[in-house]
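Terminal number for the sequence shown in my numbering: 412, no gaps in between. From the three backbone atoms N, C-alpha and C, an ideal C-beta is built for every residue, glycine too.
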Amino acid sequence: LYFLNIFLIETEKMEVEMSRVHAIEKFINERLKPDLREQQEKHQRILDDICEYQLLLQSIAVIKSLRPLKKLKMKVNLGLGFFAQAVVNDPNHIFIDVGCGTFVEFTLDEADVIINERLQLLKMLSKKQLAVIGSIKAHISLLVYMVELLLDPSIRTWVFVPIVLFTFLIGVVRHYLAILIHTKKEIGLQQIQDSHALVRSRLLRENGRYLSKHSFLMRKQFFNDEESGYFKVAQQRQSPVVNPMSDPSVMTDMLKGNLLNVIPMLVIGGWINWTFSGFVTTKVPFPLTLRFKPMLQHGIALASLDASWVSSASWYFLNVFGLRSMYALILGEDNAADQARLMQEQVTMSANTVPHDPRQAFKAEWEALQICSHNWALKNADKELIEI
Numbered sequence: 025l026y027f028l029n030i031f032l033i034e035t036e037k038m039e040v041e042m043s044r045v046h047a048i049e050k051f052i053n054e055r056l057k058p059d060l061r062e063q064q065e066k067h068q069r070i071l072d073d074i075c076e077y078q079l080l081l082q083s084i085a086v087i088k089s090l091r092p093l094k095k096l097k098m099k100v101n102l103g104l105g106f107f108a109q110a111v112v113n114d115p116n117h118i119f120i121d122v123g124c125g126t127f128v129e130f131t132l133d134e135a136d137v138i139i140n141e142r143l144q145l146l147k148m149l150s151k152k153q154l155a156v157i158g159s160i161k162a163h164i165s166l167l168v169y170m171v172e173l174l175l176d177p178s179i180r181t182w183v184f185v186p187i188v189l190f191t192f193l194i195g196v197v198r199h200y201l202a203i204l205i206h207t208k209k210e211i212g213l214q215q216i217q218d219s220h221a222l223v224r225s226r227l228l229r230e231n232g233r234y235l236s237k238h239s240f241l242m243r244k245q246f247f248n249d250e251e252s253g254y255f256k257v258a259q260q261r262q263s264p265v266v267n268p269m270s271d272p273s274v275m276t277d278m279l280k281g282n283l284l285n286v287i288p289m290l291v292i293g294g295w296i297n298w299t300f301s302g303f304v305t306t307k308v309p310f311p312l313t314l315r316f317k318p319m320l321q322h323g324i325a326l327a328s329l330d331a332s333w334v335s336s337a338s339w340y341f342l343n344v345f346g347l348r349s350m351y352a353l354i355l356g357e358d359n360a361a362d363q364a365r366l367m368q369e370q371v372t373m374s375a376n377t378v379p380h381d382p383r384q385a386f387k388a389e390w391e392a393l394q395i396c397s398h399n400w401a402l403k404n405a406d407k408e409l410i411e412i
């Protein structure tokens, strides 16, 4: 009952928020946007009048430059591409529309003054109109900022959660498939002996001062004797170096790893792009810069969308790298479900294709042990014990 009550309260809050969002959107679409369109049309008409008066001023300036002038021939556009030649008997006077279909005759100098005053008035009206347009745009931006983008609860149920579940289940299936097709690598007895000999030699160099000089020299003789020393014999041993790329088992293991890594990504990625293309699934709880949009909004080309929102395709890739802790908790630390770790291991494997020659390690260890001298750390242990 407690969880049911919480669910009902959250549902009621969601309905109230949705109704508020719808009311604000209705006010923006039915009131503010038509007003903005009307004011923009008025401003455009003012700009057209300013352009027309400026052209008239230029014409008056041209006529003034032709003084003294008794007659003026003009080409008049009759419409539909037809022009007629007109003769102006007195080019020193001009008729100007003063409003309400009334035209008044002015001299060119008087018309110049009147047109300049009219232009100043129109420019003032243009500034006022721009202020009105800016105010309406500011109101729209403020209301849009107040209304946070809300996702339909169905997106959470049918997009957000399924992507997480499918990604997790595919990782679990990949883990058990990797266990089934895994080929157990056999390590030879000689390889184990060689590796243990290198470890024993390193421990002798590090902790040999706690042994007596006779014990230290016996062990050093065992490893570094010129005739029968372990490292000398190992260096002379014929150990053919096999290129891993020519080993069919190694190539088979690499092919299996590539299939387990690539096929699930192609299947899930194709399914998400085909089924949930263009969906916004969630939002990160902190603001982000625009540089994160290509990473978090793959498949959504909306410049006005905040960078904190995450698309369906990007949500899948976040799950690929974000479910590591869940895989480690359920399947253990060394699991095959971590796709990012598998890709890293494949890159490391491809970089380590150069075969390793163990004789070089034996030679380096022989040289390090050869220059190592014995300095017994327990030489004065009895005196120090008595002093204590």
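Could you give the residue range of the beta strand (DSSP E) that holds residue i?
i, result
"residue 108", "106–112"
"residue 322", "Counting along the chain, residue 322 falls outside any beta strand (DSSP E), and DSSP gives it neither H nor E."
"residue 334", "333–335"
"residue 183", "Unbroken run through residue 183: none, as it is neither H nor E."
"residue 100", "96–103"
"residue 308", "Where residue 308 is concerned, there is no enclosing beta strand (DSSP E), given that its DSSP letter is neither H nor E."
Please report whether the beta-carbon of residue i lies at a distance below 8 Å from any beta-carbon of chain D.
i, result
"residue 256", "Among the chains of the structure shown, chain D does not appear; only one protein chain is present."
With distances taken Cα to Cα, identify the nearest neighbour of residue i among the options.
i, options, result
"residue 145", "217, 99, 70, 103", "70"
"residue 184", "233, 335, 228", "335"
"residue 39", "131, 102, 174", "174"
"residue 295", "93, 187, 89, 91", "187"
"residue 110", "103, 124, 95, 117", "95"
"residue 297", "340, 78, 275, 244", "340"
"residue 235", "397, 47, 52, 411", "397"
"residue 182", "405, 310, 304", "304"
"residue 313", "36, 333, 277", "333"
Please classify residue i as buried or exposed, where buried requires at least 16 other C-beta atoms within 10 Å of its C-beta.
i, result
"residue 135", "buried"
"residue 103", "exposed"
"residue 337", "buried"
"residue 419", "In the structure displayed, the chain extends from 25 to 412; residue 419 sits before or after that span and is not available."
"residue 353", "exposed"
"residue 359", "buried"
"residue 406", "exposed"
"residue 344", "buried"
"residue 404", "exposed"
"residue 395", "exposed"
"residue 207", "exposed"
"residue 126", "exposed"
"residue 101", "exposed"
"residue 276", "exposed"
"residue 217", "exposed"
"residue 231", "exposed"
Return yes when the Cβ of residue j is within less than 8 Å of the Cβ of residue i, no when it is not.
i, j, result
"residue 128", "residue 139", "no"
"residue 400", "residue 233", "yes"
"residue 132", "residue 113", "no"
"residue 215", "residue 386", "no"
"residue 347", "residue 192", "yes"
"residue 224", "residue 393", "no"
"residue 106", "residue 99", "no"
"residue 196", "residue 402", "no"
"residue 389", "residue 222", "yes"
"residue 250", "residue 256", "yes"
"residue 149", "residue 77", "no"
"residue 153", "residue 66", "yes"
Following the continuous alpha helix (DSSP H) through residue i, name the residue where it begins and the one where it ends.
i, result
"residue 116", "Element bounds for residue 116: n/a, residue is neither H nor E."
"residue 413", "Beyond the ends of the chain as shown, which are 25 and 412, falls residue 413; an answer cannot be given."
"residue 257", "254–260"
"residue 400", "From DSSP, residue 400 is part of no alpha helix (DSSP H); its letter is neither H nor E."
Review point. Okay, do the stretch 160–167 and the stretch 287–298 touch, 3+ Cβ pairs below 8 Å being the bar?
Key: no
Review point. Between the stretch 197–209 and the stretch 80–91, do three or more beta carbon pairs fall short of 8 Å?
Key: no
Review point. Okay, do the stretch 143–160 and the stretch 53–64 touch, 3+ Cβ pairs below 8 Å being the bar?
Key: With a cut-off of 8 Å, the stretch 53–64 and the stretch 143–160 count as touching, because enough Cβ pairs lie within range.
Review point. Taking one C-beta from the stretch 298–318 and one from the stretch 234–246 each time, how about it: are there three or more such pairs within less than 8 Å?
Key: no
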